Amino acid sequence: MTEYAPKGLFGLLTPQANTTAELEVQLLCPPGFAALTARLTSDQPTMEDRLIDYVDRMDSCIDRFANAPIGAVGFACTGASYLVDAAQEQKRLAEIADRRAFPVITAAQAITDALRSLGAQRIGVVSPYGDTLHDAGMRFWQARGFRIGPVARLAGQEASFHPIYALSGNAAGEALAALDTSDVDAVVILGTGLATLGALLDRPDPAMPVLTPNLALVWSMVTAVTGTERSSDTLAPWLDGSGWAGRYRERTGL
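Using numbering that gives the first Met the number 0, read the sequence shown as starting at 0 and increasing by one per residue.
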């Protein structure tokens with residue numbers, strides 16, 4: 000272990016222009032844990048092409064950590080899993096894990112594990128994606144056995160540097176507040192690049208489990224490194240904010 004991560008050091012792979020995932024993961028990591036970041040890069044012209052390229056380059060991107068003593072790697076790019084063959088993705092992840100002797104956990108897999116730990120079947124969704132990625136995402140979650148309930152879609156700022164990353168935390172909060180959660184088991188706010196921590200703390204129904212990719216990914220990496228069971232009990236400190244709210248408020252001054 001290292002001086003600033005005596006309990007566990009993670010690797011984090013995040014898309015090249017993502018301004019949120021790295022910072023949220025830092026705030027969500029419990030004391031004694033830390034994440035090193037490597038940027039996924041691609042010169043493909045469309046978002047969808049870049050996402051597929053990130054998966055293709057995942058293994059070489061992990062090389063950027065060299066021999067740092069990381070115990071797990073998180074792939075903080077939910078949308079990429081919507082566009083690639085699921086069986087091929089799992090095969091690639093297993094091969095990487097076998098060769099490198101640590102697990103690689105995708106944000107999409109982390110959310111899936113978290114929803115199953117909660118016993119969730121019908122989910123509400125907050126989606127920041129354009130039509131192509133949104134439709135692929137809905138098919139992805141249905142293929143994993145979840146029934147899609149109410150959906151709130153966010154309008155991206157197309158003139159900004161990125162239609163998702165430029166959205167404020169208020170956008171996630173307003174969408175969450177507008178969602179009818181009377182007949183769902185949990186809500187998922189999609190997109191690792193969407194700021195969400197403020198929205199989680201201020202959600203209208205504190206008893207309703209609300210998951211985000213970054214939250215689920217940190218929980219999954221911590222349980223992987225510590226050998227802790229992935230259960231609703233181990234997930235609880237992330238869901239209720241007790242494990243990270245203080246760090247968020249200190250960072251933001253809110």
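We treat Cβ as the ideally placed atom computed from N, Cα and C, and that holds for glycine.
None of the values given here were measured: they were computed from a predicted structure.
Contact set for residue i: own chain, Cβ-Cβ below 7 Å, skip 5 residues either direction
i      : result
Arg250 : Leu26
Asp42  : none
Pro5   : Gly31
Glu47  : Leu82, Thr131, Leu132
Ala113 : Leu210, Ala215, Trp218, Leu234
Gln87  : none
Where the alpha helix (DSSP H) containing residue i begins and where it ends
i      : result
Ala106 : 106 to 117
Ile95  : 85 to 99
Leu35  : That residue, Leu35, is in no alpha helix (DSSP H); its beta strand (DSSP E) goes 32 to 39.
Val183 : Element bounds for Val183: n/a, residue is neither H nor E.
Ala198 : 196 to 200
Gly78  : 77 to 82
Glu228 : Per DSSP, Glu228 belongs to no alpha helix (DSSP H) and is neither H nor E.
Arg49  : 46 to 55
Reference residue i; option with closest CA among the options
i      : options                        : result
Thr105 : Gln120, Arg152, Gly10          : Gly10
Thr180 : Ala206, Ala194, Thr195         : Ala206
Ala174 : Arg152, Thr45, Arg38           : Arg152
Val54  : Leu82, Phe32, Gly70, Asp62     : Leu82
Tyr247 : Val125, Asp130, Pro44, Leu199  : Leu199
Val18  : Thr191, Gly242, Thr77          : Just to set this straight, residue 18 is Thr in the shown sequence, not Val. For the residues Thr191, Gly242, Thr77, the minimum Cα distance to Thr18 belongs to Thr191.
Ala71  : Phe101, Phe145, Thr225         : Phe101
Ala75  : Leu114, Val24, Arg115, Ser231  : Val24
Val103 : Met46, Ile61, Thr40            : Ile61
Asp201 : Ala135, Asp84, Ala244, Arg146  : Ala244
Ser126 : Gln108, Ala223, Pro203, Thr195 : Thr195
Ile95  : Asp58, Arg115, Ala107          : Asp58
Met137 : Ala107, Arg115, Thr225         : Ala107
Asn213 : Asp48, Thr1, Glu21             : Glu21
Pro203 : Ala119, Ala171, Ala85, Ala109  : Ala171
Thr45  : Asp84, Gly129, Ser231, Gly252  : Gly129
Val224 : Ser231, Gly73, Gln87           : Gly73
Asp84  : Gln120, Ile110, Ala135, Thr40  : Ala135
Helix, strand or coil at residue i [DSSP, three-state]
i      : result
Arg250 : helix
Pro208 : coil
Gly123 : strand
Pro18  : Checking the sequence shown, residue 18 turns out to be Thr, not Pro. Thr18 falls in the coil class under three-state DSSP.
Thr131 : helix
Ala67  : coil
Gly73  : strand
Thr1   : strand
Boundaries of the beta strand (DSSP E) in which residue i is found, first to last residue
i      : result
Phe9   : 7 to 14
Ala151 : 146 to 152
Residue i Cβ short of 8 Å to the ligand NAD heavy atom set
i      : result
Ile104 : Among the ligands in the structure shown, none appear at all, so the ligand NAD cannot be discussed.
Own chain, CB closer than 6 Å to residue i, minus 5 neighbours either side, in chain order
i      : result
Pro208 : Leu117, Ala185, Leu238
Ala79  : Leu50, Tyr53, Val54
Gly123 : Gly148, Pro149, Leu178, Thr180, Val183, Val186
Leu132 : Gly78
Ala119 : Asp184, Ala185
Ser241 : none
Sequence-distant residues of the same chain with beta carbon closer than 8 Å to residue i, five excluded per side
i      : result
Phe160 : A caution first: Phe160 carries a pLDDT of 38, below 50, which makes its placement in the model too unreliable to give a value.
Leu8   : Met0, Thr1, Phe32, Ala33, Ala34, Leu35, Ala67, Pro68, Ile69, Gly70
Thr222 : Glu228, Arg229, Thr233
Cutoff 9 Å: residue i Cβ touching any chain C Cβ
i     : result
Cys60 : Checking the listed chains, one finds no chain C in this structure; it contains a single protein chain.
Checklist line | Cβ contact check for the stretch 183 to 195 and the stretch 64 to 71: 3 or more pairs under 8 Å | finding: no
Margin query: I want to know whether the stretch 217 to 228 touches the stretch 136 to 153 - three or more CB-CB distances under 8 Å.
Written below: no
Check: Taking contact to mean at least 3 C-beta pairs separated by less than 8 Å, is the stretch 21 to 39 in contact with the stretch 85 to 100?
Finding: no
Note to self: With a threshold of 8 Å, are at least 3 pairs of Cβ atoms found where one atom belongs to the stretch 33 to 40 and the other to the stretch 11 to 21?
What the structure shows: yes
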